[in-house]
Structures are given as structure tokens and as C-alpha cells.
Amino acid sequence: MKHAIHYTIIAKDLAAHLFAVSVVVDKPDPDGQIFRLPAWTPGSYMMREFAKNIVQATASCNGKKVKLIKLDKHSWRAAKCDGPLSVQYDVYAWDLSVRAAHLDQTHGFFNGSSVFLSVNGREDSVHLVDIQKPLDEGCQAWRVATAMRQLKAKRYGFGTYIASNYDELIDHPVEMGTFTLATFKAHGVPHDIVFTGRVPNLDLPRITADLKKICETEIAFFEPKSKQAPMDRYVFMTMVVSNDYGGLEHRASTSLICARADLPVKGKAEISDGYRTFLGLCSHEYFHTWNVKRIKPAAFVPYDLTTEAYTPLLWLFEGFTSYYDDLMLLRSGVISAASYLSLVAKANNNVLRGGGRHKQSVAESSFDAWIKYYRQDENSANAVVSYYTKGSLVALALDLTIRAETKGKKSLDDVMRALWRKYGRDFYQDGKAGIGVTDADVDALFDEVTGLKLKRLLDTWARGTTELPLSTLLPTFGIRYNDQRAATRPVLGIRTVREGLDCRVSSVYEKSAAHKAGIAAGDVLVAIDGVRVSVTMDNLFGRYCVGDTIEIHAFRRDELRVFKAKLVADDTPMVILTTEEKPSIAARQLRKGWLGNI
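Here our numbering is used: position 508 in the sequence shown is 508, and no number is missing along the way.
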């Protein structure tokens, strides 16, 4: 294809975890072509410095070696040449996550931003990728899973794939190996489910049926009339491990990682907490197909992957998605109303337990994601609030308020659909990016859609640190809000982790008994009142009462310290949400519009 950028990638050395990559430019910049590797990947707001994994790089022009000079941590310039110019490099792939690349004898995975150099000035050219089958004998049965369009490749086969531009190229991760595969159609659109890793007795038909319900519910949510999905094909690709959790959204796929125990087992009909969590993750990443992949904050249009892109709106893009991910499980019929309310209560309790909510708004948390949320330390519980979790509660409070104030005529659903129509539906029209959303756009759209004046609430709840009034909003919908905290249980006010046989303090809550006693994160607890501390703190204070003073021996580094702590009452919120059996007619109508006929 004339003037296209051509890439080749092959699993070069499985044992050394190396991908060999090359990029060919037919007409390089006459002043010397510059190449760059992204420093971060969309959806994960931390500088990853992917260039650190490039082991070596060389360049050649018309078969002759030319100089390739490193300009900075992720940029290179090739010497002047007429072309075609080729750059070859090896990428070390040993990051078992959804963000970068991983390769061994069992599979290969790569997120495009971690392996494909961009060609400066040619980002809008057509990009071709030849994904080659590894030469190792043990890889002959390997297949390819990706949502990237095929050019000279069969479905699930090695060969040439095509992207309209660099942004599209790196928005289609690739999984290769002997994965487990299932397919279904959601409102006519093919969806693949891919599992890499050993999962005995995996109930694949159940996952397929559940994901079909969820996907069709979300498609119909944004397009209730046409039920038209924004993609021609979608791929869920999941790496199954012993114990991990995470996901990264893309425009027509998602890369996931989950614990083996979270997946359903043949013959067991109950929905475990782990499986419910996995479905919630799938729902979350799928909802991003609309909210953040097409409805985008202005700071992401276009992405500049060489430096941080600051936005105060992650509470809307991640928080609102976190609100709808579990709500879609309920609306699709995958979980019950009681199960859904327990998830809302859990999110509420998690926010109320952290002191960070008093110091940081979710808008500030969004802006500081690069230095705080994605780089948490021992004091984060006291200083940081999650724009995911509290953002979901902001969405809930806004949804309930809009429904109550308009007597059920409007809701947050209407706001999301309006965002979709105005900013998302035509975002990739003709391969070109649309416009992004600003703070002012959000304020104006809320008022326009609902007919209410909501800026004050947005300022208070999203841009301020005021507590959300869920305890007064939920009863209007026939939902009981009961705080059952154990005020008589004595606590020290710390988090601990196991390190071998040691019990190490990982966090100390502000104004807690431990804080007042002088205990710090990193201290290794040895004994309490002369009795050895085991590897956990379970049942440790069963023989004490609130107000008792205890003596604690602990090592700080290699020095033994003694602390006196006066135990305080456990003030940990324990909110339980339940439905009223006989709500008022008005409450029943509002609840039906929100949660359905329960």
C-alpha cells in the first residue's frame, strides 16, 4: 500500500522474552526521520517509560546501515537518507499486565503503545502490521486474537493487519497462543471471548450467555432505538493467573487479567463474589467503548503520549463508568437487586473509611492521578480519594437527585446519552478524531438535559469535599440506609501485611490510637502486652475494651521500640442497603425507573 508505514513483529526468543520489531518508512524526513515510543498508554495514567524495554535498535537505508541517534529517553533520529528507511529493534516483554507486553513459551501479548515506534510526522498515514508466527516448534498451534482489521490474514491467523493511523494501531492489543475461545453476537455484532492460561472446568457457555446480556444492555443503553454498536467486532482477551485483577479499555476490545478462582465452574450455578467481580470488570471496560474511548476529555484529543495529559474529569469518565458497570449487571438480569445494593454499600463504605475524602476532591484526584492515585504509598489512605469509587457515588447522587427533582422524567441516563450524541457517536467519523469534553461542557449539558441548575451540586460533590447525602437521597427511592458500625469494638487504627512470619504495618490512619502512640508504617509488630503478635491481627483485641491501654513492642528498621496505645472505638462505617417492603407509591415509581421492577 503506497506511503503506508509498515511494521513487522515476531516472537523472536520465547525464553529471553524478546519480540523483534521493525518499521519501514518509504519516504523518510529529508532532515532525518525521528521515531518515538509512547511514555504512557491511554487508560493508565502513569508514566510507564516503555522505551526502557527496547534492548537494542539499528537502522538501515537501502540495505546499508545508517546512524540512529538517541535524542531523549524515548526518541531516536535516523541519519538522512532517501529511503526506504528501516529501523529494527528488540523489545523485552516480561510485564504480565494489561499495559505493556509479555512473552514466554505459553503465549505472547502486546499493547501497541509498548512495542510500536511512531514515525514523527506520519502518524496519520495508514499503518500495516505483519504479525509473524514464531519459528519455535511448540508455537505451531498458536493463533492470534485482536480487533485490528485483517488485510492479508484469516480470522485468528498470523498475517498482515491494517490500521487507519497510529492512534488506531496502538488501540488494538494482540494476544497470541493456544487460548480458549468462544464467540457470540450482541445485537448482530460478533464478540470474541479469549482466555489465556489454565482454567480447569471453565463454564464457558455461562460466561458467554452472561456477557451477551451485559453487552446487549449497554449497546441498547446508548442507542435505545437503533441498538447499533459503535464497532464492527469486539474482543475480550483475558490472561488468567493465580491472583490478580485489572483491565484496560480499547476502542473495540479490552485486555483483562483475573484470578483463576474468579471464573465460573461447570456444574456450580451460584454466582460467587469473584465471578461477580469479573463480570463487573468486563462491564466496566465495555462501557468505556462509549465513555472515554469516544466521549473523551478535551485533554485527550489528541493524545500526547510523550508527556502527562492533565484533566480534572476522570471522575466522570472512570467514576461514572464505575457507577454504570454494576448497574448494567442488574439491568441485564445477571445479578439481583440485593446483590447490586450490596455493591453500592461496599463502595460507600470504602470511601467513608478513607480520610483522603476530606482533603481531596474527585476533580483534584483526577488531575493528580499521575502523581497520587497511580503512585500510592503508605499515606494514601489519609490523603487520596479514588475518582473511581467516590466518582461512582457522585454519579449515584446525581442520578438520584435528577430522578427525584424531575419526578422520574429525567435521569443521569439521559445525560450520558446526550454526551454520546454530541461528543461520541461521530468521534471516529472517516477515521478522524472529534472534539473532547471540558468542565464547562459538562456543566452546560447537565442543565440543558435535565432542566435543573446542577452546577452548585457539581461544584460541591465533584469539585469539593462535602459528604455525599446518600443517607437522605436513598430513602426517597424506598432504600433503607442503615449504618451498623461496631462502636464497642476496640481498634488500633492500622493496616498490616504479612512478610514471612512478620506482621508489618502498611498504613496508619490519622487520629487513630496507633497515630497518637507514634506507630509508623514499616514498623514490624513483635508483641502486645508481652504476647507475641502472629502474622495477622485477627482477633488480637478480643480480650480488650475501648479505653484500655496496651504496650506494643515493634521493630523500626533494626531498633526495638516500645509504644503505649489507648484503644479507641471502631468507627469504621458499615452501611447496609436494603429495599423497603412497602415503600410509598412515589418511592416505588422512582425505584422502578432506577432499578427496575423489584
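The C-beta atom is built at its ideal place from N, Cα and C for all residues, glycine as well.
Distance between residue 229 and residue 279 (C-alpha atoms, nearest Å)
20 Å
Practice task
Would you list the one or two residues that DSSP bridges to residue 533?
Solution key: Among the bridge pairs identified by DSSP, residue 533 is matched with none.
>> On the criterion of 16 or more Cβ atoms from any shown chain inside 10 Å, does residue 388 qualify as buried, or is it exposed?
In response: buried
Requested in this report: Mind the definition here: the region 309–318 touches the region 354–365 only if three or more C-beta pairs lie below 8 Å; say whether that holds.
Outcome: yes
query: Which class does residue 589 belong to by DSSP, given the choice of helix, strand or coil?
result: helix
(message) Please return the same chain residues whose Cβ sits closer than 7 Å to the Cβ of residue 95, not counting the five positions on each side in sequence.
(response) The beta carbon of residue 95 sits closer than 7 Å to those of 101 and 102, all from its chain and outside the five residues before and after it, given in chain order.
Worksheet item: Is the Cβ-Cβ distance between residue 563 and residue 576 less than 7 Å?
Response: Annotated as distal: residue 563 and residue 576, with beta-carbon spacing of 7 Å or more.
Exercise. Helix or strand or just coil, what does DSSP make of residue 112?
Worked result: helix
request  = Indicate whether residue 569 and residue 487 have their beta-carbon atoms separated by less than 7 Å.
outcome  = yes
| Below 7 Å between beta carbons: does that hold for residue 297 and residue 436? | yes
(request) Give the DSSP-derived three-state secondary structure of residue 501 in the structure shown. (result) coil
| request: Label residue 140 either buried or exposed according to how many other C-beta atoms from any shown protein chain fall within 10 Å of its C-beta, with 16 as the threshold for buried. | output: Burial call: exposed.
CB-CB under 6 Å to residue 89, same chain, minus the five flanking residues each way: which ones, in chain order?
In the same chain as residue 89, and ignoring 5 residues on each side of it, the C-beta atoms closer than 6 Å to its own belong to 21, 54 and 57, in chain order.
Cβ neighbours of residue 445 in the same chain (closer than 8 Å, five flanking residues each side left out) | Only 415, 418, 419 and 422 meet the Cβ criterion.
Quick one: using the 10 Å Cβ neighbour count with 16 as the cut-off for buried, is residue 523 buried or exposed? buried
Q | Boundaries (first-last residue) of the beta strand (DSSP E) holding residue 485 | A | Premise fails: residue 485 is in no beta strand (DSSP E) and is neither H nor E.
Exercise. When the Cα atoms are used, what is the spatial distance from residue 571 to residue 513?
Worked result: 12 Å
Is the CB-CB distance between residue 79 and residue 87 below 7 Å?
The answer is no: Cβ separation not under 7 Å.
Proximity to residue 398 [Cα-Cα], best of 458, 378 and 355: 458
| message | For a test of the three-state rule: what should DSSP assign to residue 98, helix, strand or coil? | response | Under the three-state reduction of DSSP output, residue 98 falls in the coil class, being neither helix nor strand.
Q | Residue from 515, 554, 530 and 408 with nearest C-alpha to residue 492 | A | 515
Extent of the continuous beta strand (DSSP E) to which residue 68 belongs: 68–72
- Task: Would you kindly work out how many angstroms separate the C-alpha atoms of residue 343 and residue 350, rounded to a whole number?
- Result: One C-alpha to the other measures close to 11 Å.
For this session: Classify residue 32 as helix, strand or coil using the three-state DSSP reduction.
Result: coil
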